[in-house]
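A.B. asks: Shown below is the structure under consideration.
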């Protein structure tokens, strides 16, 4: 028989904010559900390592569940399911609700691009009888982390005649891989005097791709020419075709369980596909909502959401307007009455680098999704600062649906910071707050998440989609 609680214990339980490690409170069955959900997540990320591949795979899943391409001239009925594929690099998905669009929509917005190395427009060169490819890094990275990592090459090449060639080399068994080399420690005296930020510099992120010379002593750069000949034989391309290509170098390994207890997932691209996948699954499972659900899988977030496939464009504004037009409803009215989860990750507490975090206001692995009132840097610059009223509503939804959640900022106030798509969506008049999965080693080639947090993201997005 347990002892009765003291008055202090009762007050502590009633009044104090208690963080909860979900692995200590979830049942065995709930943990199994979380682990099972993450098997699909790992498979999805293995198949989709770039924004183009995410869109392609997502469309396959959507069409298998009855979604059809969006027609702006059609008046859709409740329960109808549509998607708009924006140039193969962003996706907007909608399930029409029972309520009028004039009452707004529930919007879930994640991004599907991740830091990587992009090939430059004229990448291939030879030096020291080795063939290499010049890259331009995409997004905020620690450049030294990307050296000596096996890389695969993904993307498209558009030939002069307009034919598009799909490229994916380095992920299948038996495929060759590529890498950025680093200087051996024995000769690295000068390099070791550099700051960490310049340990590997941008113009040193060159992919090693060949070393055999073409058998013709009368031509220069025979290693480069041999590579071009191999590419011509396989893809029918010439060097000039690189000028109209989008080729991305990404880590060549699959997602892996991490830890003796297999409680975590390690691998590339979890920022932000760790939110995009649960958002997509929630959209697939939402079949008869009261309020129209719009799911946005956006491109270009890592470079400021610029361009016509990023959320700094008007693609969401136009999509909402086109959805509403057949009903005689102004798109502005839809957005002004809408609510949105900006589904993006936050930096999980790392005990090795504890000084970067403020322990009362950081998020932890295994404590559920992280509700982030504001992002930005230092004095909240470049941030959406969500209202207390909207955060209160989201808290209620999460608690009523037994979703494990926590709050957190991105490190100490003067330590640095970062942004999400929340600001762009808020500029449309939408109520927005950030909600996403805590990540260790964010923006590295091998990011880490906890399985229960990934599953809680799915539960959170489903609860938000199906609220009354």
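Residue numbers (full-length UniProt numbering): 1 to 468.
Quick reminder that beta carbons are idealized off the backbone N, C-alpha and C, glycines included.
Predicted model only: the values in this text are computed from it and were never measured.
1) With C-beta atoms as the reference, is residue 416 less than 8 Å away from residue 288?
2) What does the Cβ neighbour count give for residue 51, buried or exposed, with the cut at 16 atoms within 10 Å?
3) Spell out the partners DSSP gives residue 11 in its beta bridges.
4) Locate the beta strand (DSSP E) running through residue 264, then write down its first and last residues.
5) With three or more beta-carbon pairs closer than 8 Å as the criterion, would you say the segment 438–458 touches the segment 358–368?
6) Checking the sheet assignment: what are the DSSP bridge partners for residue 340?
7) With H, G and I counted as helix, E and B as strand and the rest as coil, what does DSSP make of residue 178?
8) Going by CA-CA distance only, name the one from 130, 175, 145 and 164 that's closest to residue 152.
9) Rounded to a whole number of angstroms, what is the C-alpha to C-alpha distance between residue 84 and residue 439?
10) Can you tell me whether residue 225 is helix, strand or coil according to DSSP?
11) I'd like the list of long-range same chain contacts for residue 280, defined as Cβ closer than 6 Å, with 5 residues on each side in sequence excluded.
12) Taking the CB atoms as reference points, tell me whether residue 126 and residue 223 lie closer together than 8 Å.
13) Taking only the alpha-carbon atoms, compute the straight-line gap between residue 131 and residue 100 and give it to the nearest angstrom.
14) I'd like the ranges of any alpha helix (DSSP H) spanning at least 4 consecutive residues and lying wholly in the segment 306–388.
15) Can you tell which of 102, 200, 109 and 64 has the C-alpha that lies nearest to the C-alpha of residue 435?
16) Are residue 403 and residue 463 close, meaning C-beta to C-beta below 8 Å?
17) Among the residues of its own chain, which have a CB less than 6 Å from the CB of residue 96, if the five just before and after it don't count?
18) In this structure, how does DSSP classify residue 212 when only helix, strand and coil are distinguished?
19) On the criterion of 16 or more Cβ atoms from any shown chain inside 10 Å, does residue 251 qualify as buried, or is it exposed?
20) Compute the Euclidean distance between the alpha carbons of residue 106 and residue 240, then round it to the nearest angstrom.
21) Quick check on residue 376: buried or exposed, where buried means 16 or more other Cβ atoms within 10 Å of its Cβ?
22) Report buried or exposed for residue 345, applying the criterion of at least 16 other Cβ atoms within 10 angstroms of its Cβ.
23) Short of 7 Å in beta carbon distance, which residues of its chain neighbour residue 113, apart from the five on each side in sequence? Order them along the chain.
24) Determine the DSSP secondary structure at residue 90, reduced to helix, strand or coil.
25) Could you check where the beta strand (DSSP E) with residue 256 kicks off and where it finishes?
C.D. replies: With the given structure in hand:
1) no
2) buried
3) Looking at the DSSP assignment, residue 11 forms no beta bridge with any residue, so it has no partner.
4) That run of the beta strand (DSSP E) goes 264–267.
5) When C-beta atoms of the segment 438–458 are compared with those of the segment 358–368, three or more pairs fall below 8 Å, so the two segments count as touching.
6) 107 and 432
7) strand
8) 175
9) 30 Å
10) helix
11) Annotation for residue 280: 58 place their beta carbon closer than 6 Å to its own, counting only its chain and skipping 5 residues before and after.
12) yes
13) 60 Å
14) 315–324 and 331–336
15) 109
16) Result yes, Cβ atoms of residue 403 and residue 463 sit closer than 8 Å.
17) 76, 78, 80 and 292
18) coil
19) buried
20) 46 Å
21) buried
22) Looking at its Cβ environment, which holds 16 or more other Cβ atoms inside 10 Å, residue 345 is buried.
23) 51, 299, 300, 301 and 302
24) Collapsing the DSSP output to three states places residue 90 in a strand.
25) 256–258
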